[in-house]
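Below you'll find the structure, written out as structure tokens, and then a few comments.
Number of protein chains: 4
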Amino acid sequence: MYSFKNDYSEGAHLNILKLMVETNLEQNTGYGEDKYTEVAIKVLKEKIQKTDIDIHLIPGGTQTNLIAISSFLRPYEAVISANTGHILVHETGAIEATGHKVISVDVHDGKLNINHIKDVLESHTDEHMVKPKLVYISNPTEVGSIYKKDELEKISKYCKENDLIFYMDGARLGSALCSKENDLTLFDIANLLDSFYIGGTKNGALLGEALVICNESLKKYFRFNIKQKGALMAKGRVLGIQFYELFRENLYFELAEHANKMADLFNKEIKMLGFEFLTNSPSNQVFPILPNRIIEKLQEDYQFYIWEKIDSENSAIRLVTSWATEEVRVKEFIERLKELV
Amino acid sequence: MYSFKNDYSEGAHLNILKLMVETNLEQNTGYGEDKYTEVAIKVLKEKIQKTDIDIHLIPGGTQTNLIAISSFLRPYEAVISANTGHILVHETGAIEATGHKVISVDVHDGKLNINHIKDVLESHTDEHMVKPKLVYISNPTEVGSIYKKDELEKISKYCKENDLIFYMDGARLGSALCSKENDLTLFDIANLLDSFYIGGTKNGALLGEALVICNESLKKYFRFNIKQKGALMAKGRVLGIQFYELFRENLYFELAEHANKMADLFNKEIKMLGFEFLTNSPSNQVFPILPNRIIEKLQEDYQFYIWEKIDSENSAIRLVTSWATEEVRVKEFIERLKELV
Amino acid sequence: MYSFKNDYSEGAHLNILKLMVETNLEQNTGYGEDKYTEVAIKVLKEKIQKTDIDIHLIPGGTQTNLIAISSFLRPYEAVISANTGHILVHETGAIEATGHKVISVDVHDGKLNINHIKDVLESHTDEHMVKPKLVYISNPTEVGSIYKKDELEKISKYCKENDLIFYMDGARLGSALCSKENDLTLFDIANLLDSFYIGGTKNGALLGEALVICNESLKKYFRFNIKQKGALMAKGRVLGIQFYELFRENLYFELAEHANKMADLFNKEIKMLGFEFLTNSPSNQVFPILPNRIIEKLQEDYQFYIWEKIDSENSAIRLVTSWATEEVRVKEFIERLKELV
Amino acid sequence: MYSFKNDYSEGAHLNILKLMVETNLEQNTGYGEDKYTEVAIKVLKEKIQKTDIDIHLIPGGTQTNLIAISSFLRPYEAVISANTGHILVHETGAIEATGHKVISVDVHDGKLNINHIKDVLESHTDEHMVKPKLVYISNPTEVGSIYKKDELEKISKYCKENDLIFYMDGARLGSALCSKENDLTLFDIANLLDSFYIGGTKNGALLGEALVICNESLKKYFRFNIKQKGALMAKGRVLGIQFYELFRENLYFELAEHANKMADLFNKEIKMLGFEFLTNSPSNQVFPILPNRIIEKLQEDYQFYIWEKIDSENSAIRLVTSWATEEVRVKEFIERLKELV
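Here's what the structure looks like:
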């Protein structure tokens, strides 16, 4: 059964494994002080076009979020997140486990704006409440939408004016940046955000996220936090090799483009069949609304999540594409859908 | 410069990488529910010869320790550790960061015995002090010594009588089990300990430790803890493939035997030159005491840690061997040492 | 300016201070092992009519909540609370600071029911989410409503069936129990809840809450938690004397009755003037909706909180009465209001 | 049986209770914003002779330590303490429960010096270890010794040079300052320390400690920390009234002087009988070494702790005096001892 359940069903892009095999018996310093991590950070900085940033390679996304956020905040400070935020819903209270409340804001498209943030600040007035301090967004969001440059600029300005930290979860950042609707560069993001991460796991790596810290005041002694939370890999080369391979040329973006192209195919063809979508998603997750009886039939041949019940007869499903998604499988799925309509 | 600094300088054993490449494009369920994790756990249980145990594959050692210990303890409960314990010294307060005190016991050979534990219990008398609850040992210890079966039996019995949890850090467990002085089996360990882990990172894997939970009362909902601490890998296959390959036949033990053989060579030859050792180490770390002037010369060609100053003229160094250590390099080192004597 | 802002504006009931002065120079054992704490617990158990419960006297409400909840939960377990819950809104993230998420449920009258709880359980399906484990209610709620016996019975039954801990914040429990609409006894509460506290601070004590633990499995080693969180008072007599005096006869209930009587006066008279109320509150907090211009005038002579904006012209205010509220002041307030209408 | 077990056996000095009774029915703002807290802080600042300090009144000592320390540190930072430190031994891991390791230093007289601190810094070299950041001392120490001005000056200078926070637990600070050997003033302490607290509970208050924050960078938003840890008393007046009464004139120092005078009597008379002492204690705790058979006899009439076994025949006992200790009881004790010699 072919899976459109997520973007981490396969292993890594073959180039990555190849480099891993080639360099396997070289001796390297441990704990992220190897030469591959060094060159990975170098090529990442070149792609971001900034030198005054710190980059740390961390095994996973939940880990990256919890290490960064717990490191950035004082004990009484809290996070503001859209109600769809990954840290709020799908990380088993990882942020709270480090002592910090995550304040949920109801949004319709996965995206925060400054009015949302303003409302939170205005309702948190004194020391009997937590102090909202860090604005957490995901780009793309958990429902596939992406932020435009002017949206980030507004939030960034508001954060600076209100002494807030602006942080982006980029588990699928490749897909956002390669979206047809995108007008952001890594350089923009590094200028607008205090910190963000570039996800590897969901875009062709075996594991690994590159956390970028742009705000000088958040950089100091950061490796202590990584080690304390158990995320300083003895064989840091495993992360270094992967990010080096992904960013030394344009592999990272090529992989994301493929994923998006496959999602576009879903979007376009399913729309042509007259179905609605739960959200406008220009990234690698699409959320078509289909009749339950069709969904049941599709499930005989394909794996995917039923995302949300719409009414008694229809549900939104989630189809996720990746660097490894085979075009022929997408087309087969669409053919099958056509038969079922 | 050849390194005897540690046992994670190289990548993974080639068989592991080969299997990773071969299975790379297969689609697998995420988060440790893939078929490789399933078979890895199956072969691990066969090697341990027990079925009533839970096994979880976790990316790293510090992570494994902090997840297990924070999961096992109530907020006021504390850990008892030898003063050389890895969690006490080299994990950046990871256990304390989860809220638990680690009580240090001064020992001379890295090993705890029941008198040490008894002293701690007797000095913790009421609710103004933490409640010692978990006995943490490493096997082999951080100074290379190993536990014999009767030693573990005594501690295990004492722990049961005193309602203590007995936990073993097995970062280098392969080396202990393959030591010439060892009389323990995995089966023994699983019967005597409440929980322990079998280290992969330091014995041929890219990353990964297999946490074994033997005590029924500690098993429940354990995956929530792994996820909350950020250690539930999306591509759990990465861990599954490795442990499957290491344990489907005897690769894990063959690799450890090689490491030990290399360490024995160091032990034997350096002893023949008339040097003393800091500890009796029958595992893959040896601690010869050498004149500082010789150490300086050796450092021109080899990387290793200076472990401890002995007196104004002599220091103990640490030489670590691994599955990847080349015999010719060990011999070269010894030749060089002979020249310097 | 007279204050109806809260129920902790004055000191303690004079009988309490008198007993404190009388016994002042007696020598007593520290840390809650004094004879007054002993007899306080004795009379509390008599009033609750149960002996198989543990009672701990703790200085404050936030402290009681955080000690109890952090003691009862495993790291991945979370709390379910109404969106008005004190722990959710007004305790500066105290529960999250101990590592636990508080899940907010939107309710209209401050009260949880089993449908709310069921929804939370159904949406928390696996280890990627926290595990809802403790149901937190306040009685009376933060908006003055109270729970009836059959409501608690339903929740209690549901909690038992679903292995949930049922906990009640009783900061103003006296007022709930003495409400005209109440049909609960302390005995009922102790049978239906796993744990609850009887608030002293807001009903005539200088400080102090009596935490009652009914569920056997939650009792063990509880004093360790109190000490660790800094709440084991050296001069525990201060708490013991107060609860003894409040419960040796019926002072606690007499004080609450007075507070309620004053609130009833507000309720009745303001209703007669034709104003609506934000909530039906049969306890010592009332929430009349008044025109803003009248509120402004009242603020010249009285302190109270503006609770919620209703529309551009009207707001709900909160008037809190206590054991110390002078009837003549309530009547003066009402006269003033009549003039302003 | 008369108790010399500790300095919190009695209630509060009568003047305090009198002021509490007198002001009992005044309405006051809650949560430390009442007028008594305001004037208490005013008179405290006058006694300290500094205005650029923040003062917070907190119910208890363990609480004060845990709130201050957890507020001052980043997650990976640790505390340095003498092995006798109260936070290390007698606070049930309260500091660790907030996530921070307490590093123990073996000392003989309860006192840290810069060599101790230097050793700790030198052995904590990288991100695999915690970062020592806060130096915790108690004055007087837990074994009755006190710090002299030049000792604090040296530590203070060293801390500034090494970017360390210097914090003093002053649970019995009154006794230290009124000791015959003391050459420190509150002004000195506020200049040399980053933060310290002036203990009320052990010197005549019912409860309460005054935390002084001298270092500007540690002051911000501190009340959030107090509230989050459950230590912001609703009836803050209880703390305000007490510290006002203790410091508006010289009551605090008069009480401490009485306690010291009683301890001196013990010291002098017991010395004259030829007995040795465990430590030189010029404060309100004395530690005479007595034959076990005499101790047993004394225990028939007096309560005190047996502090430490010296040899098979002798033990050190701890005698604590306080503001409430009756001179006649001390003399009776000495007479009894003379009879037993």
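Protein chains in written order, with this note's numbering: chain U, 117 to 457; chain C, 117 to 457; chain D, 117 to 457; chain W, 117 to 457.
Don't be surprised by glycine CBs; every beta carbon is placed ideally from N, CA and C.
A quick note: this is a predicted structure, and the numbers were derived from the prediction, not measured.
Inter-residue spacing [alpha-carbon to alpha-carbon] between residue i and residue j
{"i": "Ser397/C", "j": "Met349/C", "result": "35 Å"}
{"i": "Gly101/D", "j": "Glu243/C", "result": "Lying before the first or after the last residue shown, residue 101/D is absent from chain D, which here runs from 117 to 457."}
{"i": "Thr389/D", "j": "Gly260/U", "result": "The sequence given here has Leu at residue 389/D, not Thr. Their backbone Cα atoms lie some 54 Å apart in a straight line."}
{"i": "Leu133/U", "j": "Lys270/C", "result": "47 Å"}
{"i": "Ala372/W", "j": "Asn319/W", "result": "6 Å"}
{"i": "Ser431/C", "j": "Pro404/C", "result": "8 Å"}
{"i": "Leu367/D", "j": "Ile314/W", "result": "36 Å"}
{"i": "Leu237/C", "j": "Ala306/W", "result": "40 Å"}
{"i": "Glu277/U", "j": "Gly148/D", "result": "49 Å"}
{"i": "Arg364/U", "j": "Cys330/U", "result": "21 Å"}
{"i": "Asp427/D", "j": "Ile410/D", "result": "14 Å"}
{"i": "Val137/W", "j": "Glu138/D", "result": "13 Å"}
{"i": "Glu193/W", "j": "Ala321/U", "result": "33 Å"}
{"i": "Arg288/W", "j": "Thr200/C", "result": "36 Å"}
{"i": "Leu182/U", "j": "Val457/U", "result": "44 Å"}
Secondary structure of residue i, DSSP reduced to three states
{"i": "His216/U", "result": "coil"}
{"i": "Gly315/C", "result": "strand"}
{"i": "Lys161/D", "result": "helix"}
{"i": "Leu250/D", "result": "strand"}
{"i": "Glu193/W", "result": "strand"}
{"i": "Ile169/U", "result": "coil"}
{"i": "Gln179/C", "result": "helix"}
{"i": "Ala287/U", "result": "coil"}
{"i": "Leu300/D", "result": "coil"}
{"i": "Asn366/U", "result": "coil"}
{"i": "Ser399/U", "result": "coil"}
{"i": "Asn430/D", "result": "strand"}
{"i": "Phe282/U", "result": "strand"}
{"i": "Lys425/D", "result": "strand"}
{"i": "Asn327/W", "result": "One point to set straight first is that residue 327/W is Leu, not Asn, in the sequence displayed. Strand."}
{"i": "Ser119/W", "result": "strand"}
Residue i classed as buried or exposed, judged by whether at least 16 other C-beta atoms fall within 10 angstroms
{"i": "Thr167/C", "result": "exposed"}
{"i": "Val354/C", "result": "buried"}
{"i": "Leu88/U", "result": "Outside the shown range of chain U (117 to 457) lies residue 88/U, about which nothing can therefore be said."}
{"i": "Gln165/C", "result": "exposed"}
{"i": "Val205/W", "result": "buried"}
{"i": "Phe382/C", "result": "buried"}
{"i": "Leu362/C", "result": "buried"}
Contact set for residue i: own chain, Cβ-Cβ below 6 Å, skip 5 residues either direction
{"i": "His374/W", "result": "Trp439"}
{"i": "Glu385/D", "result": "Ile450"}
{"i": "Tyr152/W", "result": "Arg353, Gly356, Ile357, Tyr360"}
Within chain W, partners of residue i - CB distance below 7 Å
{"i": "Tyr124/D", "result": "Gly146, Ala350, Lys351"}
{"i": "Lys247/U", "result": "Tyr337, Phe340"}
Neighbourhood of residue i by C-beta, 7 Å cutoff - its chain only, sequence neighbours within 5 removed
{"i": "Thr178/W", "result": "Glu207, Ala210"}
{"i": "Asn298/D", "result": "Ile262, Ala292"}
{"i": "Tyr421/U", "result": "Lys121, Ile433, Arg434"}
{"i": "Val436/W", "result": "Phe120, Lys121, Asn122, Asp123, Asn400, Gln401"}
{"i": "Leu189/D", "result": "His216, Lys249, Leu250"}
Within chain U, the residues that residue i reaches when beta carbons sit closer than 7 Å
{"i": "His244/W", "result": "Lys343"}
Chain-ordered chain D contacts of residue i [CB-CB under 7 Å]
{"i": "Val436/U", "result": "Near Val436/U there are no residues of chain D at all, since even the closest Cβ is about 16 Å away, more than 7 Å."}
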